[in-house]
DNA sequence: GTCTATATCGTGATAGAC
DNA sequence: GTCTATCACGATATAGAC
């Protein structure tokens, strides 16, 4: 999970694949869209096949099971092993702002948002997807950050950040709660950055 | 939505209803459990009927459609029109702590948690449920609080609080991300209270 | 008030022909 | 590589007997 996709020089993903048969990629594109819109349980192989103008049996032929399609479709177009060190590298007193801005920038990019929305939508009702999300957040994000913190309660801090940012994304992009949904990204960065900063470097408790 | 349930003096909800036929209540209990565990789309009338030891056709007889069952099952065991004024009434400089503690107290009560988890699980993939959640958060919670704030950006403040608290609940109770899931409630109250406080009464922006 | 029977439709998965 | 046909289910909803 979470590898950078090899975008082979050509035009962006839209319309049909040119080289080879392209069927496999067409199925993956349709699958990504379906899982994004309806989550794992709500998406169906037949519907994905229809969208890709392909026979449902082909989906099984390429990926075996529905879970197989999901796993293949979930490769993120960004790489936490690159981004997290970048955020950690700079001035620690502004890490909250950098992290909040990076998070919102990724979510504002519709193409990057897709797989994450798909994973969240799926994880809420599907236990396997929940495990994928848990492991992704824990290992790719939380563990990397926690390792670099020297504050007390280092293990609790990154999950608190995750809770704040995931909650924001959920209400803004999935539930579309106003006025959060149409707020300016920089307004939200400014509002949330101090929270993230405190969770990572500040005082957590009363005593 | 969000009325207090009339608990008629007797024993707590477990086992079978004694008075009357009780079938209707048995169906609602089973429905609440099913929607809580699997969300709207994942729950089925047949499965609810099985759980209630009742014929599936009876469910339709009592509630018409699946949406009808859902709506009836979603009455919360707490009343925002009572709780919100209580939180707002006290010392404004400690409103963050009061709100965070109230929120976590409700979520720690498994019986109270059920319907909210059901609504969240459902809202993430079902548009009708998303509308219900949106309206509940907007009207029952956000609007009531925003009305009482005299700070600038009063409209944006309660949704920010909602994002923080919903995110916390999602990762702790639904996704069960450690160490958030097994953290002591008071630890979380202490961690989150200053955030809530700042969103409601503090400085939101950089300028 | 309760249940049988059925209409209509969708699902994931597989075997096997071409 | 692609598609037809099918297995074995499950879904919501309705009509109508008892």
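Residue numbers (our numbering), protein chains in the order written: chain E, 1 to 207; chain G, 208 to 414.
The beta carbon of each residue, even a glycine, is placed where N, CA and C say it ideally should be.
With H, G and I counted as helix, E and B as strand and the rest as coil, what does DSSP make of residue 35/E? Helix, per DSSP.
Whose Cβ in chain G lies nearer than 8 Å to the Cβ of residue 38/E? 332
So, under 8 Å CB-CB, residue 276/G and residue 238/G are touching, yes? Tell me the CB distance rounded to an integer number of Å. 5 Å
With a CB to CB cut of under 6 Å and the five nearest residues on each side skipped, what residues in its chain are close to residue 170/E? Correct list: empty, nothing qualifies.
Euclidean distance between Cα positions of residue 94/E and residue 194/E: 9 Å
Does the contact criterion of 3 or more C-beta pairs under 8 Å hold for the segment 279-298 of chain G versus the segment 235-251 of chain G? Counting Cβ pairs under 8 Å, three or more are found: they touch.
Local conformation of residue 363/G per DSSP, three classes: coil
Secondary structure at residue 389/G, three-state DSSP: helix, strand or coil? coil
Give a yes or no on whether 8 Å exceeds the smallest Cβ distance from residue 41/E to chain G. yes
Do the segment 160-170 of chain E and the segment 95-110 of chain E make contact, defined as three or more Cβ pairs closer than 8 Å? yes
Local conformation of residue 124/E per DSSP, three classes: Residue 124/E: coil per DSSP, three-state reduction.
Where residue 350/G and residue 334/G are concerned, what is the direct C-alpha to C-alpha distance, given to the nearest angstrom? 22 Å
Roughly how far, in whole angstroms, is the beta-carbon of residue 299/G from the beta-carbon of residue 269/G, given that I think they are within contact range, below 8 Å? 46 Å between Cβ atoms; not a contact.
From the beta carbon of residue 344/G, is the nearest beta carbon of chain E less than 8 Å away? yes
Look at the Cβ atom of residue 386/G, then the Cβ atom of residue 155/E, and state whether they are nearer than 8 Å. Yes; because the gap between Cβ atoms is below 8 Å, this pair is in contact.
Looking only at its chain, what residues have a beta carbon closer than 8 Å to the beta carbon of residue 146/E, apart from the 5 residues adjacent to it on each side? 154, 155, 157, 158
Check whether the Cβ atoms of residue 337/G and residue 287/G lie closer than 8 Å to each other. no
Backbone secondary structure at residue 282/G - three-state DSSP: Note: residue 282/G maps to coil in three-state DSSP.
Using beta carbons (cut-off 8 Å, strictly below), is residue 155/E in contact with chain G? yes
Coil, strand or helix - residue 381/G by DSSP: helix
Which bits of chain G does residue 171/E rub up against, with CB to CB less than 7 Å? 366, 369, 370, 373
For residue 201/E, three-class secondary structure by DSSP: helix
If you follow the alpha helix (DSSP H) that residue 286/E is in, where does it begin and where does it stop? What the structure shows of chain E is the stretch from 1 to 207, and residue 286/E is not part of that stretch, so it cannot be assessed.
Which of the three DSSP states is assigned to residue 149/E in this structure? coil
So, helix, strand or coil for residue 81/E, using DSSP? helix
CB contact flag (residue 114/E, residue 332/G, <8 Å): No. Outside cutoff.
Who are the near neighbours of residue 51/E in its chain, counting only those whose CB is closer than 8 Å to its CB and skipping five residues on each side? Cβ within range, chain order: 30, 33, 34.
May I ask you to list, following chain order, the residues of the segment 111-123 of chain E that have a beta carbon less than 9 Å from some beta carbon of chain G? 120, 121, 122, 123
8 Å Cβ shell around residue 83/E - same chain, five flanking residues per side excluded: 102
When burial is assigned at 16 or more other CB atoms within 10 Å of the CB, is residue 36/E buried or exposed? Counting Cβ neighbours within 10 Å, residue 36/E comes out buried, since at least 16 surround it.
Express the C-alpha separation of residue 389/G and residue 314/G in angstroms, rounding to a whole number. 13 Å
What would DSSP say about residue 345/G, mapped onto helix, strand or coil? helix
Just to confirm before moving on: does the CB-CB distance between residue 375/G and residue 407/G stay below 8 Å? no
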